[in-house]
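Shown next, in structure tokens, is the structure this report addresses.
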Amino acid sequence: MLTDKVVVVCGAGGFIGGHLVADLLAKGVGTVRAVDIKPLEEWFQVHADVTNMVMDLREKDNCWTALMGADAVYNLACDMGGMGFIELNKAKCMISVLINTHLLMAAERAGVSRYFYASSACVYNGEKQSDPAISGLVEADAYPAMPEDGYGWEKLFSERMCRHFTEDFGLTTRVARFHNVYGPNGTYDGGREKAPAAICRKVIEAKLSGKHEIEIWGSGEQTRSFMDISDCLKGIHLIMDSNDITFPINLGSAEKVSINQLVDVVEDIAGIKLTRRYKLDAPKGVDGRNSDNRLIREMLDWEPQVPLREGMARTYRWIYEQMA
Ligand code: NAD
1 MLTDKVVVVC
11 GAGGFIGGHL
21 VADLLAKGVG
31 TVRAVDIKPL
41 EEWFQVHADV
51 TNMVMDLREK
61 DNCWTALMGA
71 DAVYNLACDM
81 GGMGFIELNK
91 AKCMISVLIN
101 THLLMAAERA
111 GVSRYFYASS
121 ACVYNGEKQS
131 DPAISGLVEA
141 DAYPAMPEDG
151 YGWEKLFSER
161 MCRHFTEDFG
171 LTTRVARFHN
181 VYGPNGTYDG
191 GREKAPAAIC
201 RKVIEAKLSG
211 KHEIEIWGSG
221 EQTRSFMDIS
231 DCLKGIHLIM
241 DSNDITFPIN
251 LGSAEKVSIN
261 QLVDVVEDIA
271 GIKLTRRYKL
281 DAPKGVDGRN
291 SDNRLIREML
301 DWEPQVPLRE
311 GMARTYRWIY
321 EQMA
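Just so we're aligned: the sequence shown equals residues 1 to 324 in the working numbering.
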């Protein structure tokens, strides 16, 4: 019975964590604990009927306080951001290893029945992402290990930590490798924003200022795929509830889009055309990244449902409301 369950969402003040708390409440989970290091007034979403806890989950004792008596845990807490942040803050990114390690220790001690870890496509071997025409990364492409320096290594190490807590201590863990997730109620400025939100912000700035220019990081030919938050949430639940997904699995869109094409989409939503200036020395990440979804389609019958333009229009509207 969901009403009897105690579920903890770590990183609940952030983008995905905030949406996940709302979703768990809508599903009827009895007790939701929402944990984040940020002061409550900086959380993207604060929900009623939730135990909100402001604490640093790098600290072992705090992890125990958060997880005591819990049935299920979702670890979305991480010191991270888009390429502009992770390329310049590798040590900060790697320190998040303390969060997952101490949460796993607390989860085992608390007898938690399921533990979810949010990994990333940044675990994939860089050499397999040098072509913008990449067809898709399969789960095995994480090895031999050559992930994104800093952030990707932390994710790969934490994935393995989950695996070994399962093998050695019998803790049931589930790991999803998120490819870019976008939607409202997330970071769009300040240096940690990712491409979809950053492009929306830049297009809105151009529209509001009348200066019809946009700066694009890299050549704009680099490719990625983008998943709407509602598709991400459905995938998280399917993976968490599955008895078969006992290994890290892709959770992302398989629709490859160049950054230039993403700008086209946002320009179309905004009803504007901008002069593009390319900043070739800006952090831009790998040349090509896309999700191969064969495994998740076969095993969980999951496919993204939200078309890019529709999801981006929702995201654009929310960012516009914040800025205007
Ligand atoms: P986010 O930055 O919006 O949320 C992360 C939250 O973790 C933040 O609110 C932050 O304050 C909190 N946090 C950081 N350090 C903490 C600490 N020491 N103790 C407690 N809380 C702490 O990021 P998001 O986009 O919601 O991402 C959630 C998870 O998904 C992260 O693990 C991220 O690496 C992963 N992920 C996200 C994407 C994406 O496109 N958004 C892609 C791949 C992986």
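The C-beta atom is built at its ideal place from N, Cα and C for all residues, glycine as well.
Keep in mind the model is a prediction, meaning the values are calculated, not measured.
Notebook entry, point to check: Can you list, in chain order, the residues of its chain whose CB lies under 6 Å from that of glutamate 215, leaving out five sequence neighbours each side?
Noted result: Arg277, Lys279
Margin query: Among the candidates Ala270, Ser291, Asp149, whose CA atom is the shortest distance from the CA of glutamate 255?
Written below: Closest in alpha carbon position to glutamate 255, among Ala270, Ser291, Asp149, is Ser291.
Check: In three-state terms, what does DSSP make of valine 286?
Finding: Reduced to three states, the DSSP call for valine 286 is coil.
Next item on the list: Confirm, please, whether the CB-CB distance from valine 21 to valine 50 is below 8 Å.
Entry: In contact: valine 50 and valine 21 (Cβ atoms closer than 8 Å).
Notebook entry, point to check: Mind pulling the beta strand (DSSP E) runs of 3 or more residues that sit fully within the segment 240–322?
Noted result: Residue ranges of uninterrupted beta strand (DSSP E) with 3 or more members, entirely inside the segment 240–322 and ordered along the chain, are 249–251, 275–279.
Next item on the list: Along the beta strand (DSSP E) that carries glycine 31, what are the first and last residues, could you check?
Entry: A small fix is needed here, since residue 31 is threonine in this sequence, not glycine. Run containing threonine 31: 31–36, per the beta strand (DSSP E) assignment.
Margin query: Give me the residue from Pro132, Tyr188, Lys128 with the minimum Cα distance to proline 144.
Written below: Lys128
Next item on the list: Would you mind giving the Cβ-Cβ distance between glutamate 213 and threonine 275, rounded to the nearest angstrom? I have them listed as a contact below 8 Å.
Entry: 5 Å
Check: Skipping 5 residues on each side, what residues in its chain have a beta carbon closer than 8 Å to that of proline 184?
Finding: Ile229, Arg314, Thr315, Arg317, Trp318, Ile319
Note to self: So, with DSSP's three-state summary, where would you put valine 21?
What the structure shows: helix
Item checked: Distance, alanine 197 Cα to arginine 177 Cα -> 20 Å
Next item on the list: Using only the heavy atoms of the ligand NAD, determine whether one of them is closer than 7 Å to the beta carbon of threonine 187.
Entry: yes
Next item on the list: Per DSSP, which residues does alanine 12 bridge with? Please list them.
Entry: DSSP output for alanine 12 lists no bridge partner at all.
Next item on the list: Starting from the Cα of lysine 284, find the closest Cα among Pro304, Arg297, Thr65, Ser258 and give me that residue.
Entry: Ser258
Check: Under the three-state reduction of DSSP, which class applies to leucine 137: helix, strand or coil?
Finding: strand
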